[in-house]
Amino acid sequence: DTGVSQDPRHKITKRGQNVTFRCDPISEHNRLYWYRQTLGQGPEFLTYFQNEAQLEKSRLLSDRFSAERPKGSFSTLEIQRTEQGDSAMYLCASRGVSTDTQYFGPGTRLTVL
Amino acid sequence: GEDVEQSLFLSVREGDSSVINCTYTDSSSTYLYWYKQEPGAGLQLLTYIFSNMDMKQDQRLTVLLNKKDKHLSLRIADTQTGDSAIYFCAESGAGRRALTFGSGTRLQVQP
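If you read the protein sequences in the order shown, they are chains A and B. Going by this note's numbering, 101 is the number at position 101 of the first sequence; the sequence numbering is gapless. Positions in the second sequence are counted from 1; adding 113 to them yields this note's numbering.
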């Protein structure tokens with residue numbers, strides 16, 4: 001399978017715990033995006049990487065959120081001290097140099113109790 | 114800022130055509146996209162159109178773009194029950210890397 005993969009697919013955690021999600025982009029895609037999608041809404045942009053550099057962060061990305069892409073391949077998104085409002089689907093997308101389209105992974109559904 | 118609006122719900126009978134509409138506000142939008150999302154799944158790219166085009170056809174899908182009115186539509190011919198899903202319109206503009214999405218249109222196909 002050469003699509004975008006995300007792990008885990010589902011995560012249930014208690015408020016105050018830290019969680020980390022992983023995204024593996026399509027091979028050789030140098031651009032990687034994280035989005036958050038809440039129920040009944042479209043995805044909202046969180047952050048963007050080109051290779052290993054984090055070039056853009058949205059206002060939605062509070063200081064409890066951190067994302068990395070250390071070798072320019074897979075990326076991780078960590079949420080510290082989770083809150084119930086963090087419950088959402090976290091989507092990762094990747095894009096290659098010669099394409100104008102973002103390809104999405106299946107998402108990680110986070111439930112904070 | 115950028116805004117994308119879609120109607121919430123559309124119901125059609127199997128075999129009919131479906132037309133899903135979208136309006137956007139950013140006149141600098143360069144690409145406009147249609148994604149499909151099935152329950153519990155990620156987003157599947159269906160098609161996209163560059164802003165200097167007014168129509169694009171891809172098998173059962175036809176995209177129409179009215180740039181003057183900032184209106185985008187997706188027509189699905191011979192709609193099947195497997196087309197039941199949420200359809201998202203999205204746009205990207207000059208200098209912006211992220212996509213801006215609408216809230217999605219839920220398409221229900223009645224057998």
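Beta carbons are placed, not taken as given, at the ideal position from N, Cα and C, and that holds for glycine.
When Cβ-Cβ separations below 8 Å define contact, residue 8 (chain A) makes no contact with chain B. The C-alpha of residue 201 (chain B) lies about 18 Å from the C-alpha of residue 95 (chain A). Secondary structure of residue 194 (chain B) (DSSP, three-state): helix. Interface annotation, residue 61 (chain A): not in contact with chain B, CB-CB separation never under 8 Å. Pairing residue 6 (chain A) with residue 130 (chain B), the inter-Cα distance amounts to about 34 Å.
Pairing residue 162 (chain B) with residue 213 (chain B), the inter-Cα distance amounts to about 15 Å. Put simply, the CB of residue 141 (chain B) is far from chain A, with every gap to its CB atoms at 8 Å or more.
In this structure residue 67 (chain A) is in contact with residue 34 (chain A), their Cβ atoms being roughly 6 Å apart against a cut-off of 8 Å.
The DSSP-derived three-state label of residue 86 (chain A) is helix.
Counting the other CB atoms within 10 Å of its CB gives residue 128 (chain B) a total below 16, which places it among the exposed residues. By the neighbour-count criterion, in which 16 or more other beta carbons inside 10 Å mark a residue as buried, residue 42 (chain A) falls on the buried side. Contact check for residue 112 (chain A) and residue 80 (chain A): beta-carbon distance about 12 Å, past the 8 Å limit, so the pair fails to qualify. Looking at the backbone, the Cα of residue 4 (chain A) and that of residue 27 (chain A) are separated by about 9 Å. Contact between residue 142 (chain B) and residue 205 (chain B) holds: CB atoms are separated by about 7 Å, below the 8 Å threshold. Straight across, the Cα-Cα distance linking residue 155 (chain B) with residue 107 (chain A) is about 6 Å.
Listed in chain order, the non-local C-beta contacts of residue 173 (chain B) below 7 Å within the same chain comprise 189, 190 and 191, local neighbours out to five positions each way being set aside. Taking the Cα of residue 203 (chain B) as reference, the smallest distance to any Cα among B:134, B:167 and B:152 is reached at B:134.
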